[in-house]
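J.: A single structure is presented below for examination.
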Amino acid sequence: MNLKLFALLLLCGILTGKAHSQELNLFSYWYIEDNAIGFISLSDVYALSEHPDSSAIPDIKKLSVDQSLSIALDGAYRQRFFRGTGISESDNVYIYNYAENKLKTFKAKELQVIALLDFYASVEEWPFSQYDYMIGFQIDNSQLTDFKENYYDVLVYIGKETPFITGALEPITWDRAEAKDKTLLSTVPTDDSFFTDREITDYTVGDTYTYESGGYTYYIQNLFDGNNELFVRHLIVLNSATKKLVCERLYDQWEGNGLTSLNIRGEENEYADYQWTGKLFNGMDPVIFGFQYFSFGCPYITILNSNDEEVYIYCDNRH
């Protein structure tokens, strides 16, 4: 399949009482340019049955190769999808573009469920098995025209009520840290295990940048290896009033992921709005995200507290 894809983030889950990170299931959303459709794969949470009478898809041998590239799932196959994913026909699909601050709502019962051949499968492998498909919702992208074709900064939740706090996320513009900031950081008792667990011992601290908002002071440090190449960024978030540590993370890069650009005040950056922070979910602490991109594995959103909470995104990455 020759598909051109644009990924955006999708949040899908069920909230019971207050929202907690473990109650939010995150998924990727794809805009499939060749088909001009949006697609939400829920295959990561759809447990497929080995029994032929419970297959997630119809008998591929009864379809041509072209017909089997994308299959509309109706009747028993649609029912199995809802049972297998735990989503209800009565749920709503809330699509929130936080960069544009636009929120759209769709009814799950009105959305087509489809099986889309995995991007790494080959037509030469026909007839395909159910494991060769991504199964999920098809979205009519024409209904998202006011997103201005910005599908990267989108989060989606599937449930009875929206969990989103709209208009409360902001892109981070970093300032270069001053001497007083570096002095303060030297007094903060950070967690050495972040380094020892990754066997990070030989490094040099490079530039440090800072940002302040919502009662928090953020610091991001560039760390360089023995070859003077950037390989890790160290995030430290303090309570602005107490100077106490709120959250700490290390972001590294390797074969499967890389470090995104920083939007630094006074410097031109074509991809300026990678990092975002602020309130996002009702009943939860503020969040921060956007420091890495992933070729292998899936991204996540960090909750700003001392509990090491992350909201991971199911991205159906079949590398």
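According to mature numbering (1 follows the signal peptide of the UniProt record, and there is no 0), the sequence shown holds residues -21 to -1, 1 to 298 in order. Note that beta-carbon positions come from the ideal geometry of N, C-alpha and C, so glycine has one too.
(1) Report the rounded CA-to-CA distance for residue 113 versus residue 92, giving the unit in angstroms.
(2) Leaving out five residues before and five after residue 99 in sequence, what residues of the same chain have Cβ atoms less than 6 Å from its Cβ?
(3) Going along the chain, which residues of its own chain have a beta-carbon closer than 8 Å to the beta-carbon of residue 283, five neighbours each way excluded?
(4) Among 179, 276, 271, 254, which one has its Cα closest to the Cα of residue 78?
(5) Rounded to whole angstroms, what's the CA-CA distance from residue 28 to residue 60? Just pull it up for me.
(6) What residue does the beta strand (DSSP E) around residue 209 start on, and which one ends it?
(7) With distance defined between alpha-carbon atoms, name the residue in 230, 152, 138 nearest to residue 247.
(8) Would you list the one or two residues that DSSP bridges to residue 149?
(9) Can you tell me whether residue 260 is buried or exposed? The criterion is at least 16 other CB atoms within 10 Å of its CB, across all chains shown.
(10) What three-state label does DSSP hand residue 161 in the structure shown?
(11) Please classify residue 9: is it buried, with 16 or more other beta-carbons within 10 angstroms of its beta-carbon, or exposed?
(12) What alpha helix (DSSP H) runs, 4 residues minimum, are completely inside the region 40 to 86?
(13) Can you check whether the CB of residue 181 is closer than 8 Å to the CB of residue 205?
(14) Per DSSP, what kind of secondary structure is residue 231 in: helix, strand or coil?
(15) Which of helix, strand or coil does DSSP assign to residue 167?
(16) According to the neighbour-count rule (16 or more other Cβ atoms, all chains shown, within 10 Å of its Cβ), is residue 107 buried or exposed?
(17) Is the region 228 to 240 touching the region 129 to 138, taking contact as three or more C-beta pairs under 8 Å?
(18) Keeping to the same chain, check which residues put their C-beta closer than 8 Å to that of residue 273; ignore five residues upstream and five downstream.
(19) Going by DSSP in three states, residue 17 sits in which element: helix, strand or coil?
(20) The beta strand (DSSP E) with residue 172 in it runs from where to where?
(21) Between the Cα of residue 131 and those of 222, 115, 278, 3, spot the shortest distance and give me the residue it belongs to.
T.: Let's see:
(1) Taking the straight line joining both Cα atoms gives about 11 Å.
(2) The answer, listed in chain order, is 297.
(3) Short of 8 Å from the beta carbon of residue 283, and not among the five residues preceding or following it, lie these beta carbons of its own chain, in chain order: 195, 216, 225, 226, 256, 264, 265, 266, 267.
(4) That would be 254, whose Cα lies nearest to the Cα of residue 78.
(5) About 11 Å.
(6) Looking at the DSSP string, the run of the beta strand (DSSP E) that includes residue 209 is 209 to 218.
(7) The shortest Cα separation from residue 247 among 230, 152, 138 belongs to 152.
(8) In the DSSP output, where bridge partners are listed per residue, residue 149 has 256.
(9) It is buried - the Cβ of residue 260 has at least 16 other Cβ atoms within 10 Å.
(10) In the structure shown, residue 161 sits in a helix (DSSP, three-state: H, G or I).
(11) Label assigned to residue 9: buried.
(12) Within the region 40 to 86, the complete alpha helix (DSSP H) segments at least 4 residues long are 54 to 64, listed from N- to C-terminus.
(13) Cβ distance < 8 Å, so residue 205 and residue 181 count as in contact.
(14) Residue 231: strand per DSSP, three-state reduction.
(15) In this structure, residue 167 counts as coil in the three-state DSSP scheme.
(16) Looking at its Cβ environment, which holds 16 or more other Cβ atoms inside 10 Å, residue 107 is buried.
(17) Taking 8 Å as the limit for Cβ pairs, the verdict is that the region 129 to 138 does not touch the region 228 to 240.
(18) The residues are 235, 236, 294, 296.
(19) Correct three-state label for residue 17: strand.
(20) Counting along the chain, residue 172 falls outside any beta strand (DSSP E), though it belongs to the alpha helix (DSSP H) covering 172 to 175.
(21) Closest option to residue 131, judged by alpha-carbon separation, among 222, 115, 278, 3: 278.
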